Structure formats: C-alpha cells, structure tokens
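In terms of this note's numbering, the sequence shown opens at residue 1 and continues consecutively. Backbone N, C-alpha and C fix where the C-beta goes; we use that ideal spot for every residue, glycine too. Given the structure is predicted, the values throughout are model-derived calculations rather than measurements. This report concerns only the one structure given below.
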Amino acid sequence: MAATDLERFCNEEKRNLSLGGHVGFDSLPDQLVSKSVTQGFSFNILCVGETGIGKSTLMNTLFNTTFETEEASHYENAVRLRPRTYDLLESNVHLKLTIVDAVGFGDQINKDESYRPVVDYIDTQFENYLQEELKIRRSLFNYHDTRIHVCLYFITPTGHSLKSLDLVTMKKLDSKVNIIPIIAKADTISKSELHKFKIKIMSELVSNGVQIYQFPTDDEAVAEINSVMNAHLPFAVVGSTEEVKVGNKLVRARQYPWGVVQVENESHCDFVKLREMLIRVNMEDLREQTHTRHYELYRRCKLEEMGFKDTDPDSQPFSLQETYETKRKEFLGELQKKEEEMRQMFVNKVKETESELKEKERELHEKFEHLKRIHQEEKRKVEEKRRELEEEMNAFNRRKLAVETLQSQSLQATSQQPLKKDKDKKNFFSLPSACSITSGRHVN
Ligand code: GTP
Ligand code: MG
C-alpha cells in the first residue's frame, strides 16, 4: 500500500468523540515535566573566540558561578577543544552543563585549518550519538548527550569588520550548530561605533551566506520578544565576576577610573539579553534544533554515505531490510572479487618463486658440473705426478741396487786383497826414496 493510500485509510478511520466526564489524560504535560525534571537536562555550550577575549569570564557571569580561572596557553600548535562538565542545580532542576573551549583559536600563524578541529569535535559528538542510536541495546535514556547545543562565537571588538577567520569558521559551522555571534568586551567600543559595527557584521554575515541562529517566532508566547531580540544580534556583551557598589546595591560590573560598566544594565551592554535568550527563553529550542535540524542532517548524510536510502531509483519506498540485503550482496561480491584477486596474486607469486628456484637450481647444477670437471682435471694431474714419481722411485731404486751391488763387489774385492796390501805396504816402507811423511799427517 502506498503512503498516500495509507494516510487516506487512517483519516477515514479517525473519529472525533466527546468524553462523558474527566478521564485524566490532561495531566500528561505534568507527567512529562515531572519525568524530565527527575531525569535532569544536559546543555552543551561551545565557546569559540581568540585567546583572552573573555570566554571564561562570560561563562562565569552567565551562570553566576566560578567555573575556572586559569588562562589558556597562547602557544598551542593547533586549536584544541577542551570540554568541561559541571553538575548544576537550580530549584530542583539538575543541569549537566558542558562548556567546550576552543583553546588556542586564532593563535597560529597559519589559520587556514583553525576551523577544522572545531568541526571535527562537533561531528564526533554527533557520531557518538548515532552509534548509540544504532546499537541493538540502546541506552539513550541515561546517555550523556554531548552534542553541542549552541556555539557562542566571540567577535573581537575592532569596530571595523569581521576577520576572514571568523567568516570562514562561522560558514563551516553554520550547518552543524546553532551559532549566536556576540561582540566581546563591548565596553571597549563606543556607542556609535558599536551600532555601526553591529550593522556591518550582520551585512557581512548575510553577504557571505552565514546562517546564524534565529530565535524562534513560531511560538506565540515568545514570538514577540524573540523577534525583537533577533534585531539586536549580535549581542554586545561585557563579562565580570567583580561586584561593585552602585548606589546602595552590589552589582556585577567593571570599574574604570572614569566610571563603572554594569554587566546587567541594558543601557550598558546586551548581557541581559543574551542570558534571557540563551538560558531563560530558548534553551529548549536550542536543544531541539540541535536534534531535529543539525543532528538530523548529520545522520542523513552519514546513512546515505553508508548506502541507506528511503526510496529506490523508481521512487518506491526502500526498506532497511532491502538496503541491508543489497549492501550485503554488494559487500559479498566485493569480498569474492578481492578473494579471487588475492588467490591470483598468490598463484602468480608461487609461479614466480618456482621459476626463480628452478633458475637457481640450474645455476647450482652448472657450478657443480664445472667444479666436478676441475676436480677430475686435478685428479688426473695428481695421478700423472704420482706415476712420474713412481717411475723416478723405481729408477732410483734400480740405481741404488746397482750402487749397492757395486759396493758389495768392491767390498768383496777389498776383503780378498789385505795380504797383497800388507805386502805392498811393506814394499812401500822399505823403499826409502819412495815418499816422505810430512808434519805427522797420516795418509791411508
Ligand atoms: P583564555 O581562556 O586564556 O583564552 O581567555 P578567555 O577568553 O577565557 O578570557 P578571560 O575570561 O580569561 O579574560 C581575559 C581578560 O579579559 C581578563 O583580564 C578579563 O578580566 C578580561 N575581560 C573579560 N571580559 C571582559 C570584558 O567584557 N571587558 C573587558 N574590558 N575585559 C574583559
Ligand atoms: Mg578561558
């Protein structure tokens, strides 16, 4: 059944009835209030502005307490988002207030990417909420919602125009958060300059297409005050936690040698207007806008990015189940393709390695054959040498034998001749003129 048919069917079925007496469902709003009060509220403020512009002082002044006094470092390499959560109680109403400071904003020489950490922080809070929503077991009831409900953008009171950093940052943030621009330290700018400055800022925001938060005028109870306040934007504020005696009253003010600037005096600054609009009149609208406009946009883009759609290409309703099935099929197809690619890659690698190994084996075989040939050659040479040596040895032995034979023959001959020798000797000594013996030397 198409959506329009269903609506028609429902309208036909709806009947108006009058009650016979008091039933009690008129207490539903009270039940809601009671439940909400028990549960408590959370409100998250993001303060973006240069270091020392008066962010902490304004927060302390707004909530009439002292959150922190330490000043931030001026030497940050990049903008850093620092959230701090406080539990506040006012007439039984619990408020979990988170103040997020953009520490180091505007302190870097290159400010091109200054907006990015701020945008990323806002997106991360949306993502955390979306993840909680997508869980099977959701616990949104006691989930600490950290989504930024309002961004107070602190403008330096130059009296001239917005800096490009302000315009770029606000432009990047306007689809993600409710921006309320405020002129900080408004006591440092004269009344006529402030008036011109406000007009200039608004015209610059409009000409650059920056969407700031507009106080809602659809609720009759607040429509009038909200439309008046919309015309006062950007609020020019002064912050101070110092109390000064004015008349016989102690008021929060900044005291100067020439006079006193009273924070809560509407003819001195717009602090009261800001507090009224931010806390007393539109806090719930800011929370609602965050959920229904900014978070919804984030959620839609994210789900579309993930492939979820409400309608198919023929503009027919597309169920989550169908989307899931389609995505699953796509994913499985991709997986199979990847698997096949990896398998092919593996086979190729194996083949490559195999051919490399074969080549190595062939090289080794060749090397082995070469070494074998060298070895055989060496062996042959050694064999030859051995043979030559053997021949030499044989020749030597033969010669030795011959010498020995000769020696033995000569010995034999010598042993048969002693008599003859003695005879000869005698003959020799008996011959006086044969020879003479010189200097005692014996001659054999
Ligand atoms: P960081 O956290 O260090 O970035 O500074 P911040 O933006 O929180 O500024 P902070 O509130 O610490 O104020 C810095 C100085 O400005 C202090 O000396 C304040 O007294 C002064 N200051 C704060 N608000 C105002 C204001 O409305 N007017 C004037 N004239 N001075 C202010
Ligand atoms: Mg501070």
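Close CB contacts of N208 within its chain, under the 6 Å cut and outside five residues either way in sequence, are with L167 (chain order). In this structure, D174 lies near Q211, with their beta-carbon atoms less than 7 Å apart. Taking the C-beta atoms as reference points, Y121 is found no nearer than 7 Å to R147.
DSSP places V382 in the helix class (H, G or I) of the three-state scheme.
Taking 6 Å as the cut-off, the C-beta of S56 counts as close to a heavy atom of the ligand MG. In the three-state reduction of the DSSP assignment, I225 falls in the helix class, which pools H, G and I. When the Cα atoms are used, T326 and K337 turn out to be separated by approximately 16 Å. In the DSSP annotation of this structure, the continuous segment of the alpha helix (DSSP H) that includes T38 starts and ends at L28 to Q39. T57 and T241 do touch by the CB rule: their CB atoms are close to 7 Å apart, below 8 Å.
Within the chosen limit of 6 Å, the ligand GTP reaches the beta carbon of G239 through at least one heavy atom. Counted as a single uninterrupted DSSP element, the alpha helix (DSSP H) harbouring C301 occupies residues E296 to E305.
The residues V93, H94, L95 and K96, in chain order, have a CB closer than 8 Å to that of G40 in the same chain once the five nearest residues on each side in sequence are set aside.
Between I99 and M59, the gap from beta carbon to beta carbon is short of 7 Å. For H365 and Q376, the gap between their C-alpha atoms comes out near 16 Å. Its Cα nearest to that of V272, the residue T61 stands out among P157, K400 and T61.
Under the DSSP assignment, H94 falls in the beta strand (DSSP E) whose first and last residues are V93 to V103.
Taking C-beta atoms under 8 Å as the contact rule, F215 and N142 fail to qualify, at a distance of about 31 Å. Counting only runs that start and end inside the segment 151-192, the beta strand (DSSP E) elements of at least 3 residues fall at 179-183. Boundaries for Y213: no beta strand (DSSP E) harbours it, and the DSSP string shows neither H nor E there. In the DSSP assignment, K245 falls within the unbroken beta strand (DSSP E) covering E243 to V246.
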